[in-house]
Amino acid sequence: MSSNRISETERKRSRPVTKRSVFKKNKWLSPFLVLIIVLIAIVSTILVLNPFEETEKTTTSNSPTTGNPIAVIDTSLGTIRVEIYKDKVPNTANNFINLAKARFYDGLVFHRVIKGFMIQGGGFEADGTQKQSPYGPIDLEINPNVHHVDGAIGMARGSDPNSATSQFFIDDGNQPQLEPGGVDVNGYAAFGVVVEGIDVVRAIASVDTTTKYGMGDWPVNDITIESITIEND
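Its first residue numbered 980, the sequence shown is counted upward by one per residue in the working numbering.
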């Protein structure tokens, strides 16, 4: 055999490594790569069509209007700052402000909370004793430019539209059904909006509830209104 001829063994060793030879030796590799490419394409499409977004409603941020009072509601779960629309709903606003300045709300509890709806307080002690406003009921006051948006504060009342006294609620999310013509033809008076502390509203709305003193949706662990003070009035 001539010395210039390469042996069969050497020729096989000198073959270039091709994709075909790799896939042939690793038959699982080709479908695996195809699967990876398909998954990457699917994920890319999802990110383009549905970018990561906040799923909670904690991004609500309202800027206060110059000149209106701010109610600072200190609770056992944190502080909520609320602009009071004295310029738009003066009678309702003044009723709330007067009660706050008289320290009426201090020590009362949020006695009714429903996640995704509202948190309500301003009428009951922790032992279930109802506290009556010294000013009596006020007439329903609706301003068409004030709506039940996320974080709006409104007056609770009975079936009589002019029966609101001291109890208030803060909307957890938009509540258009509380506008006139919604669940009640007269609607419920909104008189301000949260400007800081919407996360505290969410926290209160999310607590476990039970039935206490004959009333449902009462927090298992009491949420206390430690004080309500008024700024810029």
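Cβ atoms here follow ideal geometry from the backbone N, Cα and C, with glycine treated the same way.
Check your understanding: Apart from the five residues just before and just after N1041, which ones in its own chain have a Cβ nearer than 6 Å to its Cβ?
Key -> If we look at N1041 and ignore the five residues flanking it on each side, its Cβ neighbours are V1172, V1174.
Check your understanding: Which two residues bound the contiguous alpha helix (DSSP H) that contains D1178?
Key -> Annotation: the continuous alpha helix (DSSP H) that includes D1178 extends over 1177-1184.
Check your understanding: Near G1145, which residues of its chain fall below 7 Å by C-beta distance, leaving aside the five closest residues on each side in sequence?
Key -> One point to set straight first is that residue 1145 is Ser, not Gly, in the sequence displayed. If we look at S1145 and ignore the five residues flanking it on each side, its Cβ neighbours are L1078, F1083, G1101, G1102, S1112.
Point to revise | Contact check, I1076 vs I1063, beta carbons under 8 Å | key: The answer is yes: Cβ separation under 8 Å.
**Study point:** Whole-Å CB distance - I1098 paired with V1162, under 8 Å assumed
**Key:** So it is not a contact: roughly 18 Å between Cβ atoms.
Check your understanding: Roughly how far, in whole angstroms, is the beta-carbon of I1204 from the beta-carbon of I1183, given that I think they are within contact range, below 8 Å?
Key -> Actually they do not touch by this definition, with Cβ atoms about 10 Å apart.
**Study point:** Where T1071 falls: helix, strand or coil (DSSP)
**Key:** Of the three classes helix, strand and coil, the one that applies to T1071 here is helix, per DSSP.
**Study point:** Rounded C-alpha distance that separates Y1167 from I1015
**Key:** Their backbone Cα atoms lie some 56 Å apart in a straight line.
Point to revise | Assigned secondary structure, I1204 (DSSP; H/G/I helix, E/B strand, else coil) | key: Three-state result, I1204: strand.
**Study point:** Reduced DSSP secondary structure (H/G/I, E/B, other) of A1059
**Key:** It is worth fixing the name first, because residue 1059 is Ile in this sequence and not Ala. Correct three-state label for I1059: strand.
Practice item. Apply the 10 Å Cβ neighbour rule to V1125 and answer buried if 16 or more other Cβ atoms are within range, or exposed otherwise. Key: Per the 10 Å Cβ criterion, buried.
**Study point:** Rounded straight-line distance, which links the Cα of P1116 to that of L1026
**Key:** Residue placement at L1026 is poorly supported in this model, since its pLDDT is 43, which falls under 50; the coordinates still yield a value, given next. Between the C-alpha atoms of L1026 and P1116 there is a straight-line separation of about 54 Å.
Review point. Roughly how many whole angstroms lie between the Cα atoms of H1090 and I1019?
Key: Spanning the two alpha carbons is a distance of roughly 51 Å.
Point to revise | Three-state secondary structure (DSSP) of K998 | key: Low confidence applies to K998: its pLDDT is 43, below 50, so where it sits in the model is not reliable, and the reading given next is rough at best. Residue state, collapsed to three classes: helix.
Review point. Near G1107, what residues of its chain come up, given a Cβ to Cβ distance below 6 Å and the 5 sequence neighbours on each side ignored?
Key: Closer than 6 Å at Cβ, skipping near neighbours: Y1192.
Point to revise | Short Cβ contact (8 Å threshold) for V1061 with I1121 | key: Their beta carbons are not under 8 Å apart, which means V1061 does not touch I1121 by this criterion.
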